[in-house]
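**Student:**
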Amino acid sequence: MKVSSQLDKVLLMDDDKAVREVAAELLRFLGFEVSLACDGEEAIEKYSRELKVSGKPFDVVIVDLTIPCGMDGSQCAKELKKIDPDANIILSS
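Numbering (this note's numbering), first residue to last: 9 to 101.
(1) Residues in its own chain within less than 8 angstroms of Val18 by CB, not counting five upstream and five downstream?
(2) Work out the CA separation of Leu99 and Lys86 for me, nearest whole Å.
(3) Compare the beta carbon distance of Ala31 and Asp22 with 9 angstroms and say whether it is the shorter of the two.
(4) Where are the beta strand (DSSP E) runs, 3 residues long or more, that stay fully inside the stretch 47-85, in chain order?
(5) Whose C-alpha, out of Leu88, Asp92, Ser62, Val27, is nearest the C-alpha of Glu49?
Structure representation (structure tokens):
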């Protein structure tokens with residue numbers, strides 16, 4: 009049973025593998041298609057590729073604010089907004 013028929017594709021970025029896997033399973037259980045990224049650079053690359061290939065970006069991006077090595081969620085969100093000003097981004101920690 010999907011929570012919302014308006015959201016289908018979620019991009020989830022977190023540096024903690026266990027968090028990524030648990031959150032992805034929960035989102036998939038709720039009916040969402042999920043892509044994973046371990047840092048901001050990977051999230052930007054996946055978002056850009058999805059936009060280019062399908063013409064439709066992810067419906068929502070969930071990014072971890074605190075990434076000790078690599079681009080953090082705050083910077084990632086700024087870069088995603090440059091690519092797509094309409095991007096729906098949730099910052100989490």
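Ideal Cβ placement from N, Cα and C applies to all residues, glycine included.
None of these values were measured; they are calculated from a predicted model.
**Tutor:** Let me lay it out:
(1) Excluding sequence positions up to five before and after Val18, its CB lies within less than 8 angstroms of the CB of Leu35, Phe40, Glu41, Val42, Ser43, Phe66, Asp67, Val68, Val69, Ile70, all in the same chain and listed in chain order.
(2) Rounded to the nearest whole angstrom, the CA to CA distance from Lys86 to Leu99 is 11 angstroms.
(3) The beta carbons of Ala31 and Asp22 sit closer together than 9 angstroms.
(4) Qualifying beta strand (DSSP E) stretches, in chain order: 68-72.
(5) Comparing Cα positions, the closest option is Leu88.
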